[in-house]
Amino acid sequence: MSQNRSSADDGEVRVLGRPVAEFPAFAPEATRGRALRITVVGEEILHRPCRPVTEFGTEVLERLIYDMFATMYVAEGAGLAANQVDVDLRLFVYDCFDDDGVRHVGYIVNPVLDPVDLKLRNLVEADEGCLSVPGPRHALARNDTTIVRGADLRGGPLVIEGTGYFARCLQHEVDHLDGRLYIDRLTKDERRSVLDEMAELRDRVFVRRRERARDLGLPDLSDG
Ligand code: NI
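At position 29 of the sequence shown the residue is numbered 91 (our numbering), and the sequence of numbers has no breaks.
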């Protein structure tokens with residue numbers, strides 16, 4: 063998911079759901095990663111459910127998380143799912159502010175959203191964008207609180223709670239792993255106008271990503 067704000071401040075930071083005293087502008091994982099090509103709407107891997115991760119504690123999984131952090135920062139994202147770097151596995155990374163200014167950083171493997179009580183839920187409409195639909199943003203209603211349960215790198219249990227824009231991000235990324243983009247939740251006309259806008263903006267977005275990869279000193283393996 064694309065970012066809703068551009069710079070970090072000195073507020074509270076939670077890593078993997080736990081408060082930390084200090085945290086750098088970019089998660090340390092990113093410095094070990096490479097910027098990969100981000101898949102674009104229409105590519106098959108974005109439009110079908112991803113496979114669950116079954117092997118934990120592997121170097122492959124660790125490297126994938128490094129690469130996903132690097133790729134997310136290069137593309138100025140708030141979240142990134144594995145199928146957005148052409149990998150068919152259920153995990154995503156995030157670095158996202160909620161509406162109270164709390165920064166949330168981490169990843170989760172095999173995430174499952176807690177069911178929402180339809181009588182208690184509070185839908186909030188806000189602008190949303192996606193790194194796989196480069197350029198535009200569009201308003202969409204989402205639940206304003208979310209709980210996601212899954213696993214860490216080694217298979218230990220992980221629970222992430224979000225509110226506001228971070229809750230939106232968690233729902234957006236789980237949607238990705240189910241093969242669904244945010245534009246799939248829009249009306250036909252809205253979807254068409256977002257795709258038209260994307261056609262106009264995407265080349266500029268790709269240039270900006272290449273420049274950022276260079277500025278951040280990250281190996282750039284993207285060709286888009
Ligand atoms: Ni997205």
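For each residue, glycine too, the CB sits at the ideal point set by N, CA and C.
Asked, Found
"So, at 8 Å on beta carbons, what are the nonlocal neighbours of L263 in its own chain, with the 5 sequence-adjacent residues on each side left out?", "P196, G197, P198"
"Taking 7 Å as the cut-off, is the beta-carbon of H238 closer than that to any non-hydrogen atom of the ligand NI?", "yes"
"Does the beta-carbon of E91 have 16 or more other beta-carbons within 10 angstroms, so that it is buried, or is it exposed?", "buried"
"Taking buried to mean at least 16 other C-beta atoms within 10 Å of its own C-beta, is G95 buried or exposed?", "buried"
"With three or more C-beta pairs closer than 8 Å as the rule, is the stretch 217–236 touching the stretch 265–278?", "no"
"Please state the DSSP three-state secondary structure of L108.", "helix"
"Does DSSP classify F154 as helix, strand or coil?", "strand"
"For my contact list, V115 and L151 are in at a C-beta cut-off of 8 Å; report their separation, rounded to the angstrom.", "5 Å"
"Between D215 and I127, is the Cβ-Cβ spacing less than 8 Å?", "In the sequence as displayed, the identity of residue 215 is Leu instead of Asp. Contact flag set, yes."
"Given a cut-off of 8 Å on the beta-carbon distance, is the pair A137 and I100 in contact?", "yes"
"With a CB to CB cut of under 6 Å and the five nearest residues on each side skipped, what residues in its chain are close to G286?", "Reliability fails at G286, whose pLDDT of 47 lies under 50, so the model's placement of it is uncertain and the value that follows must be treated cautiously. Cβ neighbours of G286 beyond the five flanking positions: R99, F268."
"Look at the Cβ atom of R204, then the Cβ atom of V186, and state whether they are nearer than 8 Å.", "yes"
"Alpha carbon to alpha carbon, how far is G212 from R76? Give it in angstroms, no decimals.", "17 Å"
"From what residue to what residue does the beta strand (DSSP E) around R292 run?", "The chain is shown only over 63 to 286; residue 292 falls outside these bounds and no answer can be derived."
"Please confirm whether any heavy atom of the ligand NI lies closer than 7 Å to the CB of C192.", "yes"
"Given the structure, does M260 come close to the ligand NI, in the sense that its CB is under 7 Å from one of the ligand's heavy atoms?", "no"
"Hey, would you say E235 sits closer than 8 Å to F154, going by beta carbons?", "yes"
"Skipping 5 residues on each side, what residues in its chain have a beta carbon closer than 6 Å to that of F85?", "V75"
"May I ask whether a heavy atom of the ligand NI can be found less than 7 Å away from the beta carbon of M134?", "no"
"Any heavy atom of the ligand NAP within a distance shorter than 7 Å of the CB on H234?", "Only the ligand NI can be found as ligands here, which leaves the ligand NAP out of the picture."
"G117: buried (16+ other C-beta within 10 angstroms of its C-beta) or exposed?", "Rather than Gly, the amino acid found at residue 117 in this sequence is Glu. Exposed."
"Which runs of the alpha helix (DSSP H) at least 4 residues long sit entirely within the stretch 98–150? Give them in chain order.", "121–136"
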